[in-house]
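In the numbering used here, the protein residues as written are 118 to 532. Cβ atoms here follow ideal geometry from the backbone N, Cα and C, with glycine treated the same way. All of these numbers come straight from a predicted model, not from anything done at the bench.
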Amino acid sequence: MKIPNYVLAIENTGKKGGQILYNTINGSKVLITPKQEMLIKQKRNSEKLKGLWEKGYIVRDDYDEKEYVYKGLSNISKTYNLTVLPTYECNMKCEYCFESHVAKESMEKKHIGCLIDRIIQKIEYDKKTKIRIAFTGGEPLIRFNFIKLFFEQFQKKVLGKYNIDYEITVITNGSLLNRRIINFLKQNNCVGIQVTLDGVKEKHDRLRRLKNGDNSYELIIDNINAFMTEIPFVIRSNYKVGEEKELYSFIDELAEKINDRKLIKLKLRSIMDTLENRQYTKQSKNIDNLGKVIEYAFKKGIEVLQGSICDMCRIYSSSNEYIVPNGYIYRCLMLVGYEQFAIGNIFEKVRNGQEEFFNNLNIWKSCLDCPIVSLCAGGCRYEAYVKTGDITKKLCKYKEIKELTTKFIKAKYIL
Ligand code: SF4
Ligand code: SF4
């Protein structure tokens, strides 16, 4: 009998003792008692372990973990995750905008048919049964009319003809939300809005000023408070590695200004190096500090979302696509605008062989023995490209990811 290597056993330092078993493949977790822990260690079978066997937290010694992980990661999702960037234009001018290298174009009404065709292609040829559409940009809400027109056609040509589930999310700077937009989003099954606040008011207003020179912090907080009971909000906060300590006062400020902190979730993301700005940042030095910040947020009643850059790299999967204003299709938001990495173009209906290249870029195959392969999938391809110039290079961050996951689980579940 053994705990499979993709299940992390994390000591429960709370008063109940025992361990938290966390399945990295499906995200489930269970608290086991000191007695159960001892039975497993001594490989003694007992009625007390029945539930753990049934749910796969313990397996036979000869169980093939690699096979299970392989199936879990290569399982092609029935969901098409489409992110549409209707525009690169924005009403803000942020200091670190990663899209500074792209021309400020927007999609036009005449392009909606091509987007719909791509969706239909995914339903008919890839047999997708669910579509998740995220709108981002630029600032997607400056093209709200485009989004409305898109949905008119989506309702008619997709929902009216195919039996599929769908949901949408909007990733916005949060400054343009209003009653009309919220009503529309609710009618169209919007399950979440992500807005960005980059630290306390003074810092955010310095980094994320509106183009007309106005501050944006209070405006965004007011919008969250006005609409948080209608659609769930995620607050993304970007910070520089080494500046984690500033996040404490940010969390204090959020706890004070947000009407109901149970209705928001916080996504903390360190600012990545980009091709234009290579700092060769070492993320590893921030793990301890970040762990403490996460713990502090949970204590303050604010849930922090797990994960680092992306929840997990899916660049190799045909289920994930980003379609940008000039029609190019990418597999990763960070590669947007670097046309050598586009896998095709919906306006020109071209294929360029890059799709096959990305389909085969499943670096994780060489990591099947790694306990956290399903949280990492061989590391970020974009980061590999920025740091080494080779997108196929494996950047292993085992220590960092394992440590951070452990700290996160402890902050969230210690009993
Ligand atoms: S390459 Fe990096 S940024 Fe792109 S999808 Fe993968 S983890 Fe995310
Ligand atoms: S790159 Fe490293 S941490 Fe990531 S899955 Fe592979 S072995 Fe594990």
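Original post:
What residue range is occupied by the uninterrupted beta strand (DSSP E) comprising S387?
Top reply: The residue given as residue 387 occupies position 270 in the sequence shown. Per DSSP, S387 is one residue of the beta strand (DSSP E) stretching across 381-387.
Original post:
Just to check, is the beta-carbon of K534 closer than 6 Å to a non-hydrogen atom of ligand 2?
Top reply: The structure shown does not extend to residue 534, since the chain is modelled only from 118 to 532, so the question has no answer here.
**OP:** Buried or exposed for G131, please, with buried defined as at least 16 other CB atoms from any protein chain shown within 10 angstroms of its CB.
**Re:** Position 14 of the sequence shown holds residue 131. Here G131 is exposed, its C-beta having fewer than 16 other C-beta atoms within 10 Å.
Original post:
Which residues in the same chain as I285 place their Cβ atom closer than 8 Å to its Cβ, once the five residues preceding and following it in sequence are excluded?
Top reply: Residue numbering aside, residue 285 sits at position 168 when the sequence shown is read from its first letter. These residues qualify, in order along the chain: R249, I250, A251, F252, L302, N305, N306, C307, V308.
Original post:
Which runs of the beta strand (DSSP E), 3 residues or longer, sit entirely within the stretch 435-508?
Top reply: 437-440, 445-447
**OP:** Keeping to the same chain, check which residues put their C-beta closer than 6 Å to that of C484; ignore five residues upstream and five downstream.
**Re:** Indexing the sequence shown from 1 puts residue 484 at position 367. Taking C-beta separations shorter than 6 Å and ignoring five residues to either side along the sequence, the partners of C484 in its chain run V490, G495, following chain order.
**OP:** State yes or no: is the C-beta of C449 nearer than 6 Å to some heavy atom of ligand 1?
**Re:** Here residue 449 corresponds to residue number 332 of the sequence shown, with the count starting at 1. Yes, the Cβ of C449 comes within 6 Å of a heavy atom of ligand 1.
Subject >> From I264, E456, K165, I337, residue whose alpha carbon lies closest to that of T204 >> reply: Against the sequence shown, residue 204 aligns to sequence position 87. Closest option to T204, Cα to Cα, is I264.
Original post:
For the beta strand (DSSP E) that D282 lies in, which residues bound it at each end?
Top reply: Position 165 of the sequence shown, counting from 1, holds the residue named residue 282. Where D282 is concerned, the enclosing beta strand (DSSP E) stretches over 282-288.
**OP:** Taking S194 as the reference, give the member of Y433, H228, V287 with the closest Cα.
**Re:** Within the sequence shown, residue 194 is the residue found at index 77, counting from 1. Out of Y433, H228, V287, Y433 has the C-alpha closest to the C-alpha of S194.
Original post:
Would the beta-carbon of V186 be found less than 6 Å away from any heavy atom of ligand 2?
Top reply: One-based indexing of the sequence shown puts residue 186 at position 69. No.
Original post:
When burial is assigned at 16 or more other CB atoms within 10 Å of the CB, is W481 buried or exposed?
Top reply: Here residue 481 corresponds to residue number 364 of the sequence shown, with the count starting at 1. Result: buried.
Original post:
T246 by DSSP, collapsed to three states: which one?
Top reply: Within the sequence shown, the letter at position 129 stands for residue 246. Coil at T246, not helix or strand.
Original post:
So the alpha helix (DSSP H) E370 belongs to, where does it begin and stop?
Top reply: Here residue 370 refers to the residue found at position 253 when the sequence shown is read from its first residue. E370 -> alpha helix (DSSP H) spans 363-374.
Subject >> Helix, strand or coil at L521 according to DSSP, with G and I counted as helix >> reply: Sequence index remark: in the sequence shown, residue 521 carries index 404 (1-based). Note: L521 maps to helix in three-state DSSP.
**OP:** Ignore the nearest five residues each way along the sequence and tell me which others in Y279's own chain have a CB closer than 8 Å to its CB.
**Re:** As a first step, residue 279 must be located in the sequence shown, where it is residue number 162. The answer, listed in chain order, is I237, I240.
**OP:** Could you name the residues that DSSP lists as bridge partners for E128?
**Re:** Within the sequence shown, the letter at position 11 stands for residue 128. In the DSSP output, where bridge partners are listed per residue, E128 has Q136.
Subject >> Whether I446 touches G461 by CB criterion (7 Å) >> reply: Locating residue 446 in the sequence shown gives position 329, where the first residue counts as 1. Locating residue 461 in the sequence shown gives position 344, where the first residue counts as 1. Against a cut-off of 7 Å, the Cβ pair of G461 and I446 comes out as a contact.
Original post:
Does the stretch 262-277 touch the stretch 329-337, meaning 3 or more C-beta pairs lie closer than 8 Å?
Top reply: no
Original post:
CB of I534 to nearest heavy atom of ligand 1: below 6 Å?
Top reply: The chain is shown from 118 up to 532; residue 534 falls before or after that span and cannot be answered.
**OP:** Using 10 angstroms around the beta-carbon of R448, count the other beta-carbons present and answer buried if the total reaches 16, otherwise exposed.
**Re:** As a position in the sequence shown, residue 448 is number 331, starting the count at 1. Flag for R448 reads buried.
Original post:
Closest by CA to Q457, which one among C430, G173, Y502?
Top reply: Here residue 457 refers to the residue found at position 340 when the sequence shown is read from its first residue. Nearest C-alpha to Q457: Y502.
Subject >> Distance cut-off 6 Å: C484 Cβ against heavy atoms of ligand 2 >> reply: To locate residue 484, count along the sequence shown from 1; it is residue 367. Because some heavy atom of ligand 2 lies under 6 Å away, the Cβ of C484 counts as near it: yes.
Subject >> Nearest to I531 (by Cα), restricted to the options N406, I120, A372, K146 >> reply: Taking the first residue of the sequence shown as 1, we reach residue 531 at position 414. If we check each option's Cα against that of I531, K146 comes out closest.
Original post:
According to the Cβ coordinates, are V358 and S387 closer than 7 Å?
Top reply: Locating residue 358 in the sequence shown gives position 241, counting from the first residue. Locating residue 387 in the sequence shown gives position 270, counting from the first residue. Result yes, Cβ atoms of V358 and S387 sit closer than 7 Å.
**OP:** Give the range of the alpha helix (DSSP H) segment to which S191 is assigned.
**Re:** On the sequence shown, residue 191 is found 74 positions in, with the first residue counted as 1. DSSP places S191 inside the alpha helix (DSSP H), whose first and last residues are 182-191.
Original post:
For K328, is the classification buried or exposed, using 16 other Cβ atoms within 10 angstroms of its Cβ as the cut-off for buried?
Top reply: Position 211 of the sequence shown, counted from the first residue, corresponds to residue 328. Exposed, by the Cβ-count rule.
**OP:** Can you grab the Cα-Cα spacing for the pair A372 / L258, in whole Å?
**Re:** Numbered from its first residue, the sequence shown carries residue 372 at position 255. Numbered from its first residue, the sequence shown carries residue 258 at position 141. Using only the alpha carbons, I get a separation of about 27 Å.
**OP:** Give, in chain order, every unbroken run of the alpha helix (DSSP H) that is at least 4 residues long and sits entirely within the stretch 222-276.
**Re:** 229-242, 261-270
Subject >> C493 Cβ short of 6 Å to ligand 2 heavy atom set >> reply: Working through the sequence shown from its first residue, we reach residue 493 at position 376. Indeed, a heavy atom of ligand 2 lies less than 6 Å from the Cβ.
**OP:** Run the proximity test for G496: is its beta-carbon closer than 6 Å to any non-hydrogen atom belonging to ligand 2?
**Re:** One-based indexing of the sequence shown puts residue 496 at position 379. Yes, the beta carbon of G496 sits closer than 6 Å to at least one heavy atom of ligand 2.
Subject >> Bounding residues of the alpha helix (DSSP H) (the contiguous stretch that carries R297) >> reply: Here residue 297 corresponds to residue number 180 of the sequence shown, with the count starting at 1. R297 -> alpha helix (DSSP H) spans 296-304.
Original post:
Hey, out of I299, C207, F271, R378, whose CA is closest to R260's CA?
Top reply: On the sequence shown, residue 260 is found 143 positions in, with the first residue counted as 1. Measuring from the Cα of R260, the nearest candidate turns out to be C207.
Original post:
With which residues is E420 paired in a DSSP beta bridge?
Top reply: As a first step, residue 420 is located in the sequence shown; it is residue number 303 there, counting from the start. Partner residues in the beta bridge of E420, as assigned by DSSP, are K382.
**OP:** Inspect the beta-carbon positions of E269 and I299 and report whether they are closer than 7 Å.
**Re:** Within the sequence shown, numbered from 1, the residue matching residue 269 stands at position 152. Within the sequence shown, numbered from 1, the residue matching residue 299 stands at position 182. Not a contact, by the Cβ cut-off of 7 Å.
**OP:** Report the rounded CA-to-CA distance for K417 versus K379, giving the unit in angstroms.
**Re:** For the purposes of this step, residue 417 is taken as residue 300 along the sequence shown, with counting starting at 1. For the purposes of this step, residue 379 is taken as residue 262 along the sequence shown, with counting starting at 1. Distance between the alpha carbons of K417 and K379 is about 10 Å.
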